[in-house]
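This report refers to the structure that appears directly beneath it.
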Amino acid sequence: MTCTPGTAPEPPPGAPHRCGTLADHLRDCLGRKSVRLGCEDGVCGSCTVLLDGRTARACTVLAAQAEGLPVRTAEDPGDPLMRHLREVLWAEHAFQCGFCAAGFLMEIHALLTEHPDPTEEQVRHRLAGNLCRCTGYESIVRATLTAARTWTPAPPGGAPTPSVPAAATDPAIGSSALRAEDRTVLDGRARFIADLDRPGILHARFVRSTRPHARITGLDIEAARTAPGTVAVLTAADLRGSLNPITIACPLEGYTAPGFTPLAEDRVRFEGDPVALVVATGQAEVEHAASLVVVGYDDLPPVLDARAGADGAHQPLFPDLAGNDLYTEHRVHGDVTGAFARAARVVRHRLSQERVQNAPLEPRGGLASYDPGSGRLTYDVASQSPTSHRQYLSDVLGLDLDLVRVRVPANMGGSFGIKGGVFREDIAVCWASRHLGRPVRWIEDRREHLIAAGQARGEEIDVEAALGADGELLALRADLVVDQGAYPVPPVASAVFVAIVGCLIPNAYRVPAYEFTGRLTLTNRTPYVAYRGPWEMATFAAERTMDLIARAVGEEPADYRLRHLAPVDGPDPRMISGARLTDVPALGSTLRRARHEAAVAEFRTRQAAARAEGRLLGLGLATLLEPAPGPWSLHEAMGAHMGPEPVRVLFGPDGRAQIRTGQIPHGQGHVTTLGQIAATTLGLPLDAVDVVHGDTDLVPYSLAGTGASRAAALAGGGVLRASRTLRANLLTAVGRRTGHSPLDLDVVAGKVVDRRDGRTVGTVAGLAAACVAAEGERARLDVSEVFDSEETGWAEATHCCWVEVDPELGTVAVDRYLVVADSGRIINPAIADGQLRGGAVQGIGTVLQERSGYGPDGAQLSRDLTEYLLPTTRTAPAIDVVHLESRRTGDVPFRGLGEGGAVLAPSAVVGAVEDALAHLGVRLTERHLPPWRVLDLLAAHRIPTPVPEYR
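Throughout the sequence shown, residue numbering follows the numbering used here, covering 440 to 1390 in sequence.
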């Protein structure tokens, strides 16, 4: 094969390739790191290359098959069309984390080469083989159509005439400034965790349990020890005595968690439980050696029913626990007993959710480097919270905190919550590096990720609603069970998620009395992890309950919601659970706007006409107050708090502005949005601001890291205030140097000017560099801010979903989708729209496609991406977004919005499907609605007499 330019020689003529696949050869021999491995089954498309002018999945092509053929990757300078595509994809904000970007770039190039003027349907059909977990695809499809529209192929003997659309370069808050993160992912320079290397690096592979619950009766590692390239085969016995147990601290009273070890000792507790760690000189060698390890098992009955486990029906899974309940919470607000006693009607239902996957395209991974001379450990890891990793590595490995450095690569391929955990694998890999005195790298494959990394949702909740004679809601009771899986995952105890669900079930509604019981229970499933709004069950419970009550009393669901909105006037408005609502300027504004946009009465007319023709149309609507990140009073009501957010904004010796933040961007655009806030405040161009993140030696201590919608409100608020102080300090320092009064100075377009006559005093960079170098001025030009959350509480949103259900196939087509959001002032509209659309598509996928299923024996049913089905360009709908941007109190107008899309979409979609089938008597209390389930519902409810729905 020919790769230009190559970074390593081809093998001699006739010699076999040492690498098995084309992807391995391109990455490991030629340094083409843009060829990314997201599945290694040819499903995700991240490894797409142009092979002899046509697209190919490099992970499924043998290196030998490509001999003599030209190969092109994102690193190539490219032809004019490739260069045009890079510019348009950047200008259109096509990508977020960028892990998939190079693969899409290759596929779009091939499409436009073959079909220069494709329709949207052709684009969606062609790109359906490439997965993106972040964007929801709309920006990619739009960018592809824009690239085609603005590209004129070269006539014979002539040059092409590209016309790149105008892109926003204004850094001002409120502009869609181009993402600073995107250049490198489009030209092959991006570096993710699997792309990092060290001299003398070793490769690690975990041997995992094939049983959900069993005693380990034997472990034969001899064949693996003697396999070519093997350096070590480590078991729990090797680690015993040199580690502290892994535990989780939790502020919630009554939480009890087991202590456990990185590798299973005498018992495995879920399929995928790590039993041994093999370390070898190469990836092929370590995979071969790991396959030689033989584990003996004595099967034990698996605990799969969390509710039965919570009721004490099974033996404890850990010897140091009395049972499998880790946490129980009970709260009562108001006269619940009295409300149910006088109720004219009680509506009861049990709501359930299947387990799903976070499924970032980049699996987990880490590179541990221990220096025996200094005793210092450096761990490069794909993590949302490097400070948490540092703390746990110090605690469990017994190292002084200042001897542990954790770094996150410049690029991280998504997370959606799962990379906020500190995993047993992290500790085992770091222990191996210290034990062997060499760098050790572990990169998870897709099968490992699906069965062992962590799973989310899967909760079950019983809800009772007491109603008055006119259908007015008098009280709610809720009984929640959360399936913890086999192990807790540090640093955040899952009990916190139980508590936040309990606080948020009343949400935007007026609930006079409320009782909540929540339990967290161990089972023999994969550990439970946070996933994009881990309190989603609160919204699902509230919104399903509102729909089911509305249908029970014969009222339009949107109208029923509107008449039950909580009052937000008065001196101290609160949810009944205790959270203050003073940050909600006009509760219901998104609901009213969405109801207007939905034209509900007109839809009902069309729905009735469609039913007469045998077609099933449905409209679903769901609304919420999203903690973004929520006021202190919410965290007080929960009994737990993630802490404030520290930032530093400073001028460096070169005069450039620099932000240091504990936030970890992995698709959200933090580098751009935080940079916009600083640039706007300091009067600088966006490219004059650097954002430093992901290195515990350099950034402020932030245990929470990225999560809980903290970035825009807390980090953004901190940057805003620190930048204001830094600007004032700079003008004061310049005034001292030049004799000007600071009141006479201003910063405009990167220059300090005299307000009186407009004359330039100097450039910000030059003056800042001079002031930093001056004795006594450096400290004033380095500003720290610790920002709290009391005044940055809530975002509001409403989703509308229109569907058509095929009565013969059971398929659900989302014909239209609308998001109306109020997240205060929008920093960057294009980034905000991408977050909302991407989250909504993830939520839609969890209803119509995604499911982490288990067999009755506890065996997992979704082991690759042909079994765990992610949305594609063919199944993801176009999504309309409306921002209301209400004014907020205080000086920080930003609110988070990264989680609301994924939180609200399941309720809207389930509501729409129920609405399509409601006249048949269908009432939905489950979330997973694949075609077979819809057909079951249709078969069970084919009744001759229609069911009345609305007044």
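Built from N, CA and C at the ideal position, the CB exists for glycine as well.
query	result
State the Cα-Cα distance for the pair L528 and Y1256, rounded to the nearest angstrom.	24 Å
My assumption, with CB atoms under 8 Å, is that P848 sits in contact with I632. Please give the rounded CB distance.	5 Å
Leaving out five residues before and five after D1136 in sequence, what residues of the same chain have Cβ atoms less than 7 Å from its Cβ?	R844
Taking the continuous beta strand (DSSP E) assigned at S1325, which residues delimit it?	Element bounds for S1325: n/a, residue is neither H nor E.
Excluding the five sequence neighbours on either side, which residues of its own chain have a C-beta within less than 7 Å of the C-beta of G1174, listed in chain order?	S1180, P1181, L1184
Using CA atoms only, rank isn't needed, just tell me which of E793, A1151, A611 is closest to M976.	E793
Mapping the DSSP letters down to three states, classify W974 as helix, strand or coil.	coil
Relative to the alpha-carbon of Q1107, which residue among L1121, A1271, R784, G957 has its alpha-carbon at the smallest distance?	A1271
Helix, strand or coil for R781? Go by DSSP, reduced to three states.	coil
Can you give, in chain order, each stretch of the beta strand (DSSP E) that sits fully within the region 680-719 and has at least 3 residues?	713-719
Can you give the beta carbon distance from E546 to L566, rounded, assuming they're within the 8 Å contact cut?	6 Å
Return the bridge partner residues of V786 from the DSSP annotation.	A904
Classify I655 as helix, strand or coil using the three-state DSSP reduction.	strand
DSSP three-state call for E1224: helix, strand or coil?	strand
Using only alpha-carbon positions, find the residue among W881, V861, G860, E726 that is nearest to V868.	W881
State whether the region 645-660 contacts the region 721-737, with contact taken as three or more CB pairs (one from each stretch) at a distance under 8 Å.	yes
Between F543, A729, D1126, which lies nearest to A715 when the distance is taken from Cα to Cα?	A729
Compute every distance between the C-beta of D1022 and the non-hydrogen atoms of the ligand SAH, then say whether any falls below 8 Å.	Among the components modelled here there is no ligand, and therefore nothing to report on the ligand SAH.
Got a sec, what are the start and stop residues for the alpha helix (DSSP H) P1268 sits in?	1268-1287
Taking contact to mean 3 or more Cβ pairs, one atom from each stretch, closer than 8 Å, check whether the region 800-810 and the region 907-919 are in contact.	no
Where does K472 fall in DSSP's three states?	coil
Within its chain, find whatever has a CB closer than 8 Å to the CB of A1127; leave out the 5 residues flanking it on each side and keep chain order.	R1095, A1096, A1118, G1189, V1203, A1204
Can you tell me whether E954 is helix, strand or coil according to DSSP?	strand
Is the beta carbon of V1331 less than 9 Å from the beta carbon of A1260?	no
In angstroms with no decimal places, state the Cα-to-Cα distance between A781 and T984.	The question names Ala, but residue 781 in the sequence shown is Arg. So the alpha carbons of these two residues sit roughly 20 Å apart.
How about F534 and C483: do their beta carbons lie closer than 9 Å?	no
Could you check whether A798 and V717 sit closer than 9 Å to each other, using their CB atoms as the reference points?	no
Within this structure, are the beta carbons of F645 and P713 separated by less than 9 Å?	yes
Among all the DSSP beta bridges, which residues are the ones paired with L1055?	V1244
Comparing the C-beta of L1004 with each C-beta of chain D, is any distance below 9 Å?	Within the model displayed, chain D is absent; a lone protein chain is all it includes.
For R1195 and C1210, what's the separation of their Cα atoms in angstroms?	23 Å
By the 10 Å Cβ neighbour count, where 16 or more other Cβ atoms means buried, how is H1035 classified, buried or exposed?	exposed
For R873, which residues in the same chain have their Cβ closer than 6 Å to its Cβ, ignoring the five residues on either side in sequence?	Y809
According to the neighbour-count rule (16 or more other Cβ atoms, all chains shown, within 10 Å of its Cβ), is G698 buried or exposed?	exposed
What residues match up with T960 in a beta bridge as DSSP calls it?	D764, D922
With distances taken between CB atoms, is the gap from V732 to L658 smaller than 9 Å?	yes
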